[in-house]
């Protein structure tokens, strides 16, 4: 742990202007009518600056969707049921690193990582156990998984069908945003082009077969966590969205049909005004992109529905109880910005995956905002504030400038290949660290207001050390019990689709149904599409 | 990207970021395991470079074998491991063991990430020289290297 030395050190980075946002955006002393040029309009009307519905939370509060996953499928199933019993009204699944990278628990690459950062799912049997006793045509489920998303979605749908749910009744979201993986979160199997093909296959399949599903959740969250500014988060997220819509249109899909199923996911960081403005600017920009760039005729296709999560990276290991306050401020910003669903981080997440007590406080924070704070009683209460509207306009303009630069490069795939968003984020992350080191930016408990004893006595969630061995044994036993010939023929059908360009989802559904695992399907992707490697630029 | 006397900043197509400066010890910044949290590793790599050290960054998703191999091939003076996946109790000892097997157990290993206090004690007993956790400043790390590693090199 760091401690305050009390010695002032010269800053190495450029000094931040006083009165700037956490992203370094300098604010005016006071805003007035001359600073606002656009009419923010009405909630529920294009371009949706003030919200996607006319009545917003007066009709229905946001979905309180706590991201959860650790250990075995049975451990996480228990946490899911606890969260539902406490009033959570949507599920959100965190998978472990091997699952996220397309390795089975019995792979050498999985060693030490099984069930550590999320729940271990290698087989359809794990998926069945994960959702045991949960009605898949009643609850909506979000799954945070990207390069192996096609496999996990196939498993989820097959589990539902085995229980008699109709595909058309199953609702949820799969993150499946590969562009931001290359830009920020960095879990991948194959290079950008084939990754985009798989995402487009899923958009096409879900639009036709699983109409209540969001086949991609275009995510700024990880971009911000990787160290971007708020404007970069906004710009790169929308540039990623443009890339997916472009690919789907080139596939022959109609933006009015698939557009309403695209969803978004933003970070809510510490800087209250900047965050509210960011999400309002995102809605307005996206609406214009869908209408003006892609010719969407319906308002539904232009309307940006978004999930939000409070910022993990803003939490501190020092004086961790203070994190409850940070999460509250961030969650309030998300609500004032009009998000559709929200995850609030737990106070102990900078130390480990959240304990049951910590996750309960996080959920209660949302419930207090909804039930007690009164901010849900009128729609977009900050709308018309000179500062908020001026900031919204400024973020829109600055994000548009980034989008124009990416267009000039030839689009987001090319920009990623050039390393452009990656290096912009790395620069911003480094600048922020220098601002922290020089105390230009003060984080309570870290580089200001420190105490001699900052240690915590929180009870931290422990992952059972036997879990990895048990999960490996389960996977091995599952593989032995399968019909080997059927597995082989399903994998070969999948390989044929990979080569021919046919939609991968139908053969993938058959493959997971007959027992093909996350690792085996990912191996087909690796063999057919190649493996992407980190450029490793600093 | 700024550089101090750099002889070559690789583009995205190369596999490593090798940044050279004068009078420097060589440090391998390595990212073992499957997680993609490279914000910290990259910040540390830049800070060490800006402090005048030679920094070699492995990039993400390295196996312990790849890291030990890189440490020997690049003839580094120390190895910094960044782990935020919870796999530190598996991956740190493996890197130490492989360095020992390859006759490079004189190369000090330090690390950082989300690592609980009790695991830090155990890792230090196993031979990890220092572990930096969230909130450590880049200056703390640079100062530690000047104090503890520079005299050994």
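Residue numbers (this note's numbering), protein chains in the order written: chain A, 3 to 540; chain B, 100 to 252.
Quick reminder that beta carbons are idealized off the backbone N, C-alpha and C, glycines included.
Contact under 8 Å by Cβ, residue 489 (chain A) with residue 510 (chain A): no
Length-filtered (3 minimum) beta strand (DSSP E) runs lying within the stretch 189-228 of chain A: 218-221
CB of residue 98 (chain A) within 8 Å of CB of residue 116 (chain A), strictly: Yes.
Coil, strand or helix - residue 222 (chain B) by DSSP: helix
CA-to-CA distance, residue 418 (chain A) to residue 174 (chain B), given in whole angstroms: 32 Å
8 Å Cβ cutoff, residue 212 (chain B) in contact with chain A: Using beta-carbon distances, residue 212 (chain B) does not count as an interface residue toward chain A, since no partner is under 8 Å.
C-beta neighbour in chain A for residue 120 (chain B), strict 8 Å: Because the pLDDT at residue 120 (chain B) is just 44, under 50, the model does not fix this residue reliably, and the point stays unresolved.
Neighbour list for residue 191 (chain A) in chain C, Cβ cutoff strictly below 9 Å: No chain C appears in the structure shown, which is made up of the protein chains A and B.
Under the three-state DSSP convention, the category residue 128 (chain B) falls into: strand
Rounded straight-line distance, which links the Cα of residue 277 (chain A) to that of residue 439 (chain A): 24 Å
Exposure of residue 198 (chain A), with buried meaning 16 or more beta-carbon neighbours within 10 Å: buried
Alpha carbon of residue 413 (chain A) to alpha carbon of residue 308 (chain A), nearest angstrom: 23 Å
Touch test, the stretch 435-455 of chain A against the stretch 162-173 of chain B, Cβ-Cβ under 8 Å, three pairs minimum: no
Boundaries (first-last residue) of the alpha helix (DSSP H) holding residue 102 (chain A): Run containing residue 102 (chain A): 99-103, per the alpha helix (DSSP H) assignment.
Run of the beta strand (DSSP E) containing residue 308 (chain A), from where it starts to where it stops: 307-312
Continuous beta strand (DSSP E) stretch holding residue 96 (chain A): start and end: 92-96
Under 7 Å from the C-beta of residue 134 (chain B): neighbouring residues of chain A: Within chain A, the C-beta atoms nearer than 7 Å to that of residue 134 (chain B) come from 99, 119, in chain order.
Neighbour list for residue 142 (chain B) in chain A, Cβ cutoff strictly below 7 Å: 431, 432, 435
Chain-ordered chain A contacts of residue 184 (chain B) [CB-CB under 7 Å]: 99, 115, 118, 119
Residue 360 (chain A) beta carbon less than 8 Å from that of residue 343 (chain A): no
Cβ contact (3+ pairs, closer than 8 Å) linking the stretch 135-150 of chain B and the stretch 236-244 of chain B: yes
Burial state of residue 521 (chain A) (16 or more Cβ within 10 Å): It counts as buried.
The beta strand (DSSP E) enclosing residue 66 (chain A), as first and last residue numbers: 65-70
Between the CA atoms of residue 203 (chain B) and residue 533 (chain A) - distance to the nearest angstrom: C-alpha separation (whole angstroms): 31 Å.
Identity of the residue in B:153, B:226, B:186, B:187 nearest residue 198 (chain B) by Cα: B:226
Cut-off 8 Å between Cβ atoms - residues of its own chain near residue 257 (chain A), not counting five sequence neighbours on either side: Only 247, 250, 251, 292, 296, 297, 298, 303 meet the Cβ criterion.
Contact check, residue 264 (chain A) vs residue 338 (chain A), beta carbons under 8 Å: No, these two residues do not count as a Cβ contact at 8 Å.
Reference residue 528 (chain A), options A:40, A:54, A:238, A:104, closest by Cα: A:104
Coil, strand or helix - residue 448 (chain A) by DSSP: coil
Span of the beta strand (DSSP E), counted from its first residue to its last, around residue 345 (chain A): Its beta strand (DSSP E) spans residues 343-345.
Cβ neighbour criterion (16 or more within 10 Å) applied to residue 237 (chain A): buried
Extent of the continuous beta strand (DSSP E) run through residue 229 (chain B): 229-231
Residue range of the beta strand (DSSP E) that includes residue 153 (chain B): 153-156
Assigned exposure category for residue 121 (chain B) - 16 Cβ within 10 Å defines buried: Its pLDDT being 39, under 50, residue 121 (chain B) is placed unreliably by the model, and the measurement read from it follows with that caveat. Classification for residue 121 (chain B): exposed.
Chain A within 8 Å of residue 190 (chain B), Cβ atoms only: yes
When A:36, A:200, A:240 are compared against residue 496 (chain A), the one with the closest alpha-carbon: Distance check between residue 496 (chain A) and each of A:36, A:200, A:240 places A:200 closest, using alpha-carbon atoms only.
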